[in-house]
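There are 2 protein chains.
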Amino acid sequence: METLKKLHENVAIMLPENGLEQKLQQAEKENRKLKIKLGFDPTAPDLHLGHAVVLKKMKQFQELGHQIIIVVGSFTARIGDPTGKNKSRKPLNLEEVKHNATTYIKQLSKIIEVDQAEIVFNSDWLDNLPFSEALQLISKVTVAQLMQRKDFNKRFTENTPIAMHELIYPILQGFDSVQLECDIEMGGTDQLFNCTMGRQLQESHNLAPQIVMCMPLLRGIDGTEKMSKSQNNTIGLTDDPNTMFGKTMSIPDVLIEEFLNLATDFSIEERQQINQQLIEGENPMNVKKRIAKNIIKQFHDEQAATDAETFFINQFQNKKFEDKSFKQVVITTLNLQSNALTTVALCKIFKENLSNTAIRRLIEDGAVQINNEKIKEPYQMIEIAKNLKIKIGKRDFYELQ
Amino acid sequence: METLKKLHENVAIMLPENGLEQKLQQAEKENRKLKIKLGFDPTAPDLHLGHAVVLKKMKQFQELGHQIIIVVGSFTARIGDPTGKNKSRKPLNLEEVKHNATTYIKQLSKIIEVDQAEIVFNSDWLDNLPFSEALQLISKVTVAQLMQRKDFNKRFTENTPIAMHELIYPILQGFDSVQLECDIEMGGTDQLFNCTMGRQLQESHNLAPQIVMCMPLLRGIDGTEKMSKSQNNTIGLTDDPNTMFGKTMSIPDVLIEEFLNLATDFSIEERQQINQQLIEGENPMNVKKRIAKNIIKQFHDEQAATDAETFFINQFQNKKFEDKSFKQVVITTLNLQSNALTTVALCKIFKENLSNTAIRRLIEDGAVQINNEKIKEPYQMIEIAKNLKIKIGKRDFYELQ
């Protein structure tokens, strides 16, 4: 019962509701492992805390002795988006797919035991599927059914083109489950539709339908959209400890509970305790520090967590300019017209993307310090010298070499 | 100019409007034949006057020296309708496809020179199309585009299921034109959408787009729906002369002009003359006789046309019972309980499908004659004897043997 309760923890959608209990009983009765599938799109191999939510659930099954199957969507990745409309889906060649898969598996190893996982490429069966059999498969699904997928429906209603092959991709994902005879397919809640396709196709192939387990989508550190690379709001599993700490500290307070539940490995009791402390007036900043350290401990180690906290406090919380860590920057004389630069021109070296106007405003607002002295004059001449220290905004520290 | 005018004659849709002129000029300039495609569904090999409308137009091109290509849809026929919902589309094996194609070609020979036509099977290229390439092809078309096809749109709006492979079939038909590099695709007006698909796919494969020529759909002899086997309202190209004559005589008067234009091979002048006669009060029955004879002359010969007219006049117009042609029917004594039967039981032998009540009503209405005598008593006992002549309704004559 304790096991079952833990497996249900955090799950957003379980289909059918009592499916997991039945599958577990069945596996025990038949003395076999459950096959638990997770699909992976090899066009985007960078994993973040959002992926970790699903992977940690997979890990639980692995610890219970069940079989994890990672399906690399190599067939569809190699077709890409032939319309060329979706730039993130350009076709990959086999080498690129393999390279991305290797990167991905390396990152997976931070959470699951990859040695015990089965890693398969769906091009192994889809490359050789005769077109006539593919059509037989495709015929099992109706247009109206596919149009129920929210994004398809929205685009159809708004007259945004949907290329026909896009409609077929969910069917192929479902066919992977037929091929692998999966018991469970996992994903984020945005994968519910595609996973359900697997159930239907398994049934039409006279196989027991898989159950679908969808985990909640962790929001990104900006607190708006789901965490995703394209939104530039992720904490990556391979981020260095200082970056992880800083990013976690930047989340809005409303995300604290979500991060506690989905991003940390605190026990239920610990989480309840922390929530209680917040209610009693604990500073949210302190809770975020605990969350940040917990996250770093999961993907690096305890020491890295402590060090990152110290760094953060020195860098962003203590006022002393000298204690900061400065990024060492070499400026070749080639970059310079003379030995001295205006404040604006100096800052522009580090903030290439900002306009001169934006930099001038930063300076006038007092956001720029040079050698521990606030410079509010945009056109003051600054002499360029080794060890000149420049602070721009709250977080960026540079030292010339 | 005369040639061009004749090619345009009866055409319902020409896409683009001046496409035919351009294609003809191009062919002349390049000193080559035009390739003119007609698709054929090998699940329904029985040709009728509706098909003849298109085929006679093909024949015109053939007479000008161009290349007719008949595409047997063997790939899709062998897939059929895997959902099993559409019973007319059950999958055929290769033998059945070949058999149907042979039947079809034999019927084609009544109109076109099949020896000079190219007859191809689309399974030749679709069977070996790798699924990945099929997806590339499919991706060229959007869902919204396919949903413009009237029947798809209607079914989608009315929540009648459309299986996904149905959406793909028009794309495959279009691909046939890519494969064959057709200059012209012909069909009935109900094929406009599918033929246009060929234009689009040829363009996306950097080929010159075919022009689309759609002929009007001849209505069936009941004057309502288009002529089609499923509506049981056809005049078949292989119907015997008497059947052709009888069916033509049965068309409603409003169809006369349509049949004159689409089913006969009268010249424009002859048709104008006949129309003038109708305006001046000619009996439509006489015009239908001329149409019937013309049709029989096309698919049988002049003599057969004259004989059929004589038969029709004797059988249905002259009153003399003795002059009728009676179907010779052998009734084995096994069928009979005794030497005599009630009128109902006797009629039931020939009209198995009618209920006793329906037969009784026919008798009471005076529609049954036995040996030139109207019998209005359903339960009168009729002695069964050789050469007993029975007339039921207007058209059915039987003689016992």
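Line by line, the protein sequences give chains B and W. Going by the working numbering, the first sequence opens with residue 1, and the numbers climb by one from there. Going by the working numbering, the second sequence opens with residue 1001, and the numbers climb by one from there. All C-beta atoms, glycine included, are put in the ideal place defined by N, C-alpha and C.
Alpha-carbon to alpha-carbon, B:Asp176 and W:Phe1461: Nothing can be reported for residue 1461 of chain W, as the shown portion of chain W is limited to 1001 through 1401.
Host alpha helix (DSSP H) of W:Met1249 (start-end): Start at 1 with the first residue of the second sequence, and residue 1249 of chain W comes out as number 249. Per DSSP, the unbroken alpha helix (DSSP H) holding W:Met1249 starts and ends at Pro1241 to Met1249.
Residues near W:Phe1326 by beta carbon distance below 7 Å, same chain, minus five either side: Working through the second sequence from its first residue, we reach residue 1326 of chain W at position 326. If we look at W:Phe1326 and ignore the five residues flanking it on each side, its Cβ neighbours are Lys1389, Phe1397, Tyr1398 and Glu1399.
W:Met1381 to W:Ser1250 span [Cα, whole Å]: In the second sequence, residue 1381 of chain W corresponds to position 381, counting from 1. In the second sequence, residue 1250 of chain W corresponds to position 250, counting from 1. Straight-line Cα distance between these residues: approximately 35 Å.
Closest Cα partner of W:Glu1181 within the set W:Ile1168, W:Gly1188, W:Arg1155 and W:Ile1211: Reading the second sequence from its first residue, position 181 is the one you call residue 1181 of chain W. Considering only alpha carbons, the answer is W:Ile1211.
CA nearest to the CA of B:Gln179, picked from B:Thr357, B:Asn10, B:Glu225 and B:His205: Position 179 of the first sequence, counted from the first residue, corresponds to residue 179 of chain B. B:Gln179 has its Cα closest to that of B:His205, out of B:Thr357, B:Asn10, B:Glu225 and B:His205.
Among B:Gln191, B:Asn232, B:Arg199 and B:Glu258, nearest to B:Leu218 - alpha-carbon criterion: As a working note, residue 218 of chain B is residue 218 in the first sequence. Closest by alpha carbon: B:Glu258.
Residue range of the unbroken beta strand (DSSP E) whose run includes W:Thr1102: On the second sequence, residue 1102 of chain W is found 102 positions in, with the first residue counted as 1. Counting along the chain, W:Thr1102 falls outside any beta strand (DSSP E), though it belongs to the alpha helix (DSSP H) covering Leu1094 to Leu1108.
W:Tyr1379 classed as buried or exposed, judged by whether at least 16 other C-beta atoms fall within 10 angstroms: As a working mapping, residue 1379 of chain W is identified with position 379 in the second sequence. Exposed, by the Cβ-count rule.
Element boundaries [alpha helix (DSSP H), containing W:Val1178]: By one-based count along the second sequence, residue 1178 of chain W stands at place 178. Taken as a continuous stretch (DSSP letters only), the alpha helix (DSSP H) holding W:Val1178 covers Met1164 to Leu1180.
W:His1165: contacting residues in chain B (beta-carbon distance under 7 Å): Taking the first residue of the second sequence as position 1, residue 1165 of chain W is located at position 165. Correct list: Leu135, Ile138 and Ser139.
Residues near W:Thr1103 in its chain [Cβ-Cβ closer than 6 Å; skip 5 each side]: Sequence index remark: in the second sequence, residue 1103 of chain W carries index 103 (1-based). Here the set comprises Pro1045.
Interface partners of W:Ser1132 on chain B, CB under 9 Å: Counting from one through the second sequence, the residue named residue 1132 of chain W turns up at place 132. Within 9 Å Cβ-Cβ: Phe75, Arg78, Ile79, Ser123, Leu126 and Asp127.
Opposing strand residues paired with W:Cys1195 [DSSP bridges]: Indexing the second sequence from 1 puts residue 1195 of chain W at position 195. BP columns for W:Cys1195 are empty, so no partner.
Beta bridge counterpart(s) of B:Val329 as assigned by DSSP: The residue given as residue 329 of chain B occupies position 329 in the first sequence. Bridge partners of B:Val329: B:Leu400.
Interface flag, B:Val143 vs chain W, CB-CB below 8 Å: On the first sequence, residue 143 of chain B is found 143 positions in, with the first residue counted as 1. Yes, B:Val143 lies at the interface with chain W (some Cβ there is under 8 Å from its Cβ).
Near-chain W residues of the stretch 150-162 of chain B (beta-carbon distance less than 7 Å), N- to C-terminal order: Phe156, Asn159, Pro161 and Ile162
Simplified DSSP state of B:Ala367, which is helix, strand or coil: As a working note, residue 367 of chain B is residue 367 in the first sequence. DSSP, reduced to helix, strand and coil, places B:Ala367 outside both helices and strands of the structure shown, so it counts as coil.
Integer-rounded CB distance, given that W:Val1120 should sit under 8 Å from W:Ile1069: The residue labelled residue 1069 of chain W in the question sits at position 69 within the second sequence. The residue labelled residue 1120 of chain W in the question sits at position 120 within the second sequence. With a Cβ gap of about 6 Å, W:Ile1069 and W:Val1120 count as contacting.
Within-8 Å CB hit, B:Ile168 to chain W: In the first sequence, residue 168 of chain B corresponds to position 168, counting from 1. Among the residues facing chain W, B:Ile168 is included, as its CB has a counterpart in that chain under 8 Å away.
Touching by the beta-carbon criterion (3+ pairs, under 8 Å), the stretch 126-134 of chain B and the stretch 1131-1149 of chain W: yes
Which of helix, strand or coil DSSP assigns to B:Lys90: To locate residue 90 of chain B, count along the first sequence from 1; it is residue 90. The answer is coil: DSSP assigns B:Lys90 none of H, G, I, E or B.
Anticipated Cβ contact below 8 Å, W:Met1244 with W:Ile1295, distance rounded: In the second sequence, the residue the question calls residue 1244 of chain W occupies position 244. In the second sequence, the residue the question calls residue 1295 of chain W occupies position 295. So it is a contact: roughly 6 Å between Cβ atoms.
CA nearest to the CA of B:Arg199, picked from B:Ile184, B:Asn159 and B:Glu9: Taking the first sequence and counting its residues from 1, the one referred to as residue 199 of chain B is at position 199. For the residues B:Ile184, B:Asn159 and B:Glu9, the minimum Cα distance to B:Arg199 belongs to B:Ile184.
For W:Met1227 and W:Met1186, believed in contact at Cβ under 8 Å, the rounded distance: Taking the second sequence and counting its residues from 1, the one referred to as residue 1186 of chain W is at position 186. Taking the second sequence and counting its residues from 1, the one referred to as residue 1227 of chain W is at position 227. 17 Å between Cβ atoms; not a contact.
Proximity test, Cβ basis, 8 Å: B:Asp396 and chain D: Among the protein chains in the structure shown, which are B and W, there is no chain D.
For W:Arg1155 and B:Lys150, the rounded distance between their alpha carbons: Taking the first sequence and counting its residues from 1, one reaches residue 150 of chain B at position 150. Taking the second sequence and counting its residues from 1, one reaches residue 1155 of chain W at position 155. Cα to Cα, B:Lys150 sits roughly 21 Å from W:Arg1155.
Which listed residue (W:Glu1028, W:Leu1262, W:Phe1350 and W:Lys1288) has its alpha carbon closest to that of W:Gly1246: The residue given as residue 1246 of chain W occupies position 246 in the second sequence. With distances taken between Cα atoms, W:Gly1246 lies closest to W:Lys1288.
Expected contact under 8 Å - CB spacing of W:Ile1112 and W:Met1058 to nearest Å: By 1-based counting over the second sequence, the position of residue 1112 of chain W is 112. By 1-based counting over the second sequence, the position of residue 1058 of chain W is 58. Their Cβ separation, rounded to whole angstroms, is 6 Å, which keeps W:Ile1112 and W:Met1058 in contact under 8 Å.
W:Thr1076 - containing beta strand (DSSP E), residue span: The residue given as residue 1076 of chain W occupies position 76 in the second sequence. No beta strand (DSSP E) contains W:Thr1076, which is instead part of the alpha helix (DSSP H) from Ser1074 to Ile1079.
Three CB pairs or more closer than 8 Å across the stretch 1340-1350 of chain W and the stretch 1267-1282 of chain W: The stretch 1340-1350 of chain W is not in contact with the stretch 1267-1282 of chain W.
Separation of B:Glu280 from W:Met1147, as counted between CA atoms: Sequence index remark: in the second sequence, residue 1147 of chain W carries index 147 (1-based). Sequence index remark: in the first sequence, residue 280 of chain B carries index 280 (1-based). Taking the straight line joining both Cα atoms gives about 59 Å.
Ranges of the alpha helix (DSSP H) found wholly within the stretch 1044-1074 of chain W, counting only runs of at least 4: 1049-1063
Neighbour-count burial assignment, B:Leu362, 16 or more Cβ in a 10 Å radius: By 1-based counting over the first sequence, the position of residue 362 of chain B is 362. Looking at its Cβ environment, which holds 16 or more other Cβ atoms inside 10 Å, B:Leu362 is buried.
Residue ranges of each alpha helix (DSSP H) within the stretch 1102-1162 of chain W, 4 or longer: Within the stretch 1102-1162 of chain W, the runs of alpha helix (DSSP H) at least 4 residues long that lie entirely inside it are, in chain order, 1123-1126, 1131-1138, 1143-1146 and 1150-1157.
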